[in-house]
Amino acid sequence: MVLRRRRRFTNPVHSTPPATVTLTGVGVSCHAAHSPPRRAVGDSVSDRRRRRRGPLPPAMGRPSRQTLAQASATSLRRFRGRSPLPPSRASAALRRAAAVLLLAAAVALPCAVLYRAAVEDTAPVYVPRVRRPWLRRDPPLPPVEVPEEEDGDFGPFPLGDLDSEDVRLELVLQEASMDNKTIILTTLNAAWASPGSVIDLFIDSFRRGVGTSSLLRHLVIVAFDWKAYKRCVKIHHYCFALTTEDVDFSEEKRFQTAGYLEMMWRRLDFLRVVLEKGYSFIFSDADIMWFRNPFPFFYSDGDFQIACDHYVGNATDLRNIANGGFNYVKSNDQSIEFYKFWYSSRFRYPGYHDQDVFNIIKHDPYTADIGLTIKFLSTAYFGGICEPSRDLNKVCTMHANCCIGLRSKIHDLRIMMEDWRNYMSMTPSLKRFGALSWRVPQNCSLSLLSP
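For what it's worth, UniProt numbering labels the leading residue of the sequence shown as 1, then goes sequentially.
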């Protein structure tokens with residue numbers, strides 16, 4: 001009797017197939033479950049290798065259409081979306097995103113506060129009639145403040161309270177003069193001295209002009225009355241009280257009235273005294289806005305240089321119509337003699353003011369005999385309402401001439417300043433393009449000047 005018993009042995013390391021053990025009465029026979037078959041007689045080497053490799057896997061053969069379709073669907077499902085992050089990595093990503101948002105908020109909030117403060121503190125800019133996106137509109141002009149008479153605030157100077165006029169003048173000229181003994185002069189009466197009136201616009205133009213703010217330290221304001229002097233010392237450093245006995249220059253002097261003529265001739269005589277003291281000067285009416293430093297545009301060989309109501313194109317042509325509100329005069333024998341001749345000519349031409357008399361005596365042979373070199377300044381640089389400076393890239397000064405009435409003059413001067421602020425706020429390319437022009441005259445009317 002033969003007993004057969006099969007046991008399975010498992011190798012825990014290599015996991016080989018289980019072996020079959022056969023027990024017989026004679027002995028034990030052991031063989032592996034998948035032991036390779038014995039080599040047949042006549043087998044070639046390739047046959048033996050093929051048998052060792054076994055049959056080809058299914059992937060090595062040509063796949064069926066059903067297999068391809070199943071593989072494509074499996075691939076699409078695999079790449080349809082990313083697998084969710086583990087909880088630890090997801091919380092770390094959320095913390096990083098929150099930190100970035102907090103940092104952005106910490107930077108943006110102070111910037112927004114600073115920007116808002118800067119915008120609120122910046123004066124708005126008026127948008128001219130032609131719509132331009134780079135300009136903003138100014139608020140409406142405040143009402144013009146015309147001074148009213150107050151007890152003890154107007155009238156001539158209390159002469160007993162002032163030192164000698166000549167000594168005071170010498171002191172203020174020394175303090176205000178440039179190294180070459182040149183000063184800037186303007187005159188002021190109570191009508192132009194009120195807050196928000198002409199003198200404030202005049203000084204503001206120096207501060208807003210190109211290269212003009214430093215010229216304020218060389219400006220002397222000559223006050224014709226006591227209120228103008230008191231107002232001057234509140235807003236400027238160099239003030240001079242010009243006394244005139246039995247004459248009240250405090251009220252507004254309208255063009256060509258008797259008071260206006262008297263004030264103009266008193267001013268001319270004062271300028272002669274300044275020349276005799278050895279000081280050259282620029283005289284400027286207070287209703288002239290300074291937008292650029294005028295010194296580079298003066299002639300080096302001119303003794304007497306004067307602005308024009310109308311410029312014919314030649315600086316030496318006597319047909320130019322001069323305006324006495326702006327002139328540059330060098331102190332020398334020729335200019336001093338000419339001012340004496342000019343002042344004395346008032347008696348030859350009664351009822352004319354100094355500007356009209358100049359346009360007469362410039363043709364006088366005596367002016368040529370004096371040897372004075374006269375130069376007329378182009379309105380391209382030194383313009384006014386009569387003949388404006390068309391190019392804001394060139395303008396030095398703009399005069400509210402050809403204008404009658406204080407209210408009208410102040411209104412148009414403010415429009416000038418708004419136009420200049422608009423120009424200064426533009427980019428360099430827009431400035432070169434000339435995209436802005438003056439909006440004056442508005443209230444000033446040239447028709448009122450005709451007789």
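Ideal Cβ positions, reconstructed from N, Cα and C, are used throughout, including at glycine.
Item to check | Cα-Cα separation, Ala205 to Trp290 | outcome: The sequence shown places Ser at residue 205, rather than the Ala named in the question. The alpha-carbon atoms of Ser205 and Trp290 are separated by roughly 5 Å.
Next on the checklist: Going residue by residue through the segment 306 to 390, where are the continuous beta strand (DSSP E) segments of at least 3 residues, counting only ones entirely within it?
Outcome noted: 321 to 329, 374 to 376, 382 to 384
Next on the checklist: Can you tell me whether Glu387 is buried or exposed? The criterion is at least 16 other CB atoms within 10 Å of its CB, across all chains shown.
Outcome noted: buried
Item to check | Proximal residues to Trp438 (C-beta, below 6 Å), its chain only, five neighbours per side dropped | outcome: Pro388, Asp419
Next on the checklist: Using only CA atoms, which one of Ala228, Gly324, Asp369, Asp301 lies nearest to Ser331?
Outcome noted: Asp301
Checklist entry - How is Leu406 classed by DSSP in three states: helix, strand or coil? => result Helix.
Next on the checklist: Tell me the DSSP secondary structure of Arg78 in three-state form.
Outcome noted: Because the pLDDT at Arg78 is just 48, under 50, the model does not fix this residue reliably, and the value given afterwards should be weighed accordingly. Looking at Arg78 - three-state DSSP - the assignment turns out to be helix.
Checklist entry - Which runs of the beta strand (DSSP E), 3 residues or longer, sit entirely within the segment 220 to 247? => result 239 to 241
Item to check | Neighbourhood of residue 479 by C-beta distance below 7 Å, restricted to the same chain and skipping five residues each side | outcome: The chain is shown from 1 up to 451; residue 479 falls before or after that span and cannot be answered.
Checklist entry - In three-state terms, what does DSSP make of Trp290? => result In the structure shown, Trp290 falls within a strand segment according to DSSP collapsed to helix, strand and coil.
Checklist entry - Beta carbon of Leu372, beta carbon of Ser345: below 8 Å? => result no
Checklist entry - Can you round the beta-carbon distance between Ile382 and Ala307 to whole angstroms, since I take them to be within the 8 Å contact cut? => result Per the sequence shown, residue 382 should be read as Phe rather than Ile. 4 Å between Cβ atoms; contact.
Next on the checklist: Within 10 Å of its beta-carbon, does Cys111 have 16 or more other beta-carbons around it, so buried, or fewer, so exposed?
Outcome noted: exposed
Next on the checklist: For the alpha helix (DSSP H) containing Phe298, name the first residue and the last one.
Outcome noted: Phe298 -> no alpha helix (DSSP H), and no H or E assigned at all.
Next on the checklist: Quick check: the Cα distance between Arg168 and Ala241, rounded to an integer number of angstroms?
Outcome noted: Rounded to whole angstroms, the separation of the alpha carbons of Ala241 and Arg168 is 9 Å.
Checklist entry - Quick one: what does DSSP say Leu114 is sitting in, helix, strand or coil? => result helix
Item to check | Sheet register partners of His399 (DSSP bridge) | outcome: Note: His399 sits in a beta bridge opposite Ile288, Gly384.
Checklist entry - Using DSSP with H/G/I as helix, E/B as strand and the rest coil, what is Val440? => result coil
Checklist entry - How would you label Arg414, buried or exposed, when you count the other beta carbons within 10 angstroms and need 16 or more for buried? => result buried
Next on the checklist: I'd like the span of the alpha helix (DSSP H) that includes Leu185, first residue to last.
Outcome noted: No alpha helix (DSSP H) contains Leu185, which is instead part of the beta strand (DSSP E) from 182 to 188.
Next on the checklist: On the criterion of 16 or more Cβ atoms from any shown chain inside 10 Å, does Val440 qualify as buried, or is it exposed?
Outcome noted: buried
Next on the checklist: Here's the rule I'm using: 16 or more other beta-carbon atoms within 10 Å means buried, otherwise exposed. How should Gln442 be labelled?
Outcome noted: exposed
Checklist entry - Is it buried or exposed for Tyr366, if we count other Cβ within 10 angstroms and need 16 for buried? => result exposed
Item to check | Assigned secondary structure, Ser91 (DSSP; H/G/I helix, E/B strand, else coil) | outcome: Reduced to three states, the DSSP call for Ser91 is helix.
Checklist entry - With burial defined as no fewer than 16 other Cβ atoms inside 10 Å of the residue's Cβ, what is the status of Leu185: buried or exposed? => result The residue in question, Leu185, is buried, as its Cβ has 16 or more Cβ neighbours within 10 Å.
Item to check | Under 8 Å between C-beta atoms of Gly278 and Lys181 | outcome: Yes, these two residues count as a Cβ contact at 8 Å.
Checklist entry - Could you give the distance in angstroms between the alpha-carbon of His237 and the alpha-carbon of Arg217? => result 8 Å
Checklist entry - In angstroms, rounded to a whole number, what distance separates the CA positions of Leu188 and Lys362? => result 28 Å
Checklist entry - Could you give the distance in angstroms between the alpha-carbon of Ala400 and the alpha-carbon of Ile321? => result 16 Å
Item to check | Status (buried if at least 16 other CB within 10 Å, exposed otherwise) for Arg231 | outcome: buried
Item to check | Collapsed DSSP secondary structure at Ser429 in the structure displayed | outcome: helix
Checklist entry - Ordered along the chain, which non-local residues of its own chain (more than five positions away) have a Cβ less than 8 Å from that of Asp161? => result Below a pLDDT of 50, predicted positions are generally treated as unreliable, and Asp161, at 48, falls in that range; the measurement from the model is reported next regardless. Correct list: empty, nothing qualifies.
Checklist entry - Under three-state DSSP, which class holds Ser280? => result Judged by DSSP in its simplified three-state form, Ser280 adopts strand.
Item to check | Same chain only: Cβ atoms within 8 Å of Trp265, ignoring 5 sequence neighbours per side | outcome: Shown here for Trp265: same chain residues with a beta carbon closer than 8 Å to its own, the five before and five after excluded, namely Tyr343, Arg346, His353, Asp354 in chain order.
Item to check | Residue environment, Leu114, which counts as buried when at least 16 other CB atoms sit within 10 Å | outcome: exposed
Checklist entry - Measuring CA to CA, which of Glu165, Val395, Leu103, Pro428 is closest to Phe270? => result Glu165
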